[in-house]
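First the structure, in the form of structure tokens, and then the observations on it.
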Amino acid sequence: VLAFIREKNIEPRVVEYLKTPLNKTEIEELLKRMGISARELLRQKGTPYDELGLGDAKWSEDALVDF
153 VLAFIREKNI EPRVVEYLKT PLNKTEIEEL LKRMGISARE LLRQKGTPYD ELGLGDAKWS
213 EDALVDF
């Protein structure tokens, strides 16, 4: 993907989020730009998504971003 982006003469800002986690404001801005919800961003397979009940409607958008 990076090669494809760079072929278009765009130099992306790469964030190693495991080393430098995003703050709440940055996450909200990314979600807004992507036009998706926090729930849509979450990986479901191979993660504790179901175990933690993150698909449950009790989790608001704000709560998921804070999580």
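Residues 153 to 219 (this note's numbering) make up the sequence shown, in order.
Cβ coordinates follow ideal geometry from the N, Cα and C atoms, glycine included.
Express the C-alpha separation of residue j and residue i in angstroms, rounding to a whole number.
i	j	result
Leu-170	Met-186	20 angstroms
Ser-212	Val-166	28 angstroms
Pro-164	Glu-192	23 angstroms
Could you give the DSSP three-state label for residue i: helix, strand or coil?
i	result
Glu-181	helix
Leu-204	coil
Ile-157	helix
How would you label residue i, buried or exposed, when you count the other beta carbons within 10 angstroms and need 16 or more for buried?
i	result
Ala-215	exposed
Ala-190	buried
Can you tell me where the alpha helix (DSSP H) holding residue i begins and where it ends?
i	result
Glu-192	190–193
Glu-168	Looking at the DSSP string, Glu-168 is not in any alpha helix (DSSP H), and its letter there is neither H nor E.
Measure how close the beta-carbons of residue i and residue j come, nearest whole angstrom, since I'm counting them as under 8 angstroms.
i	j	result
Glu-180	Val-217	6 angstroms
Leu-183	Leu-194	Incorrect: roughly 11 angstroms between the Cβ atoms, too far for contact.
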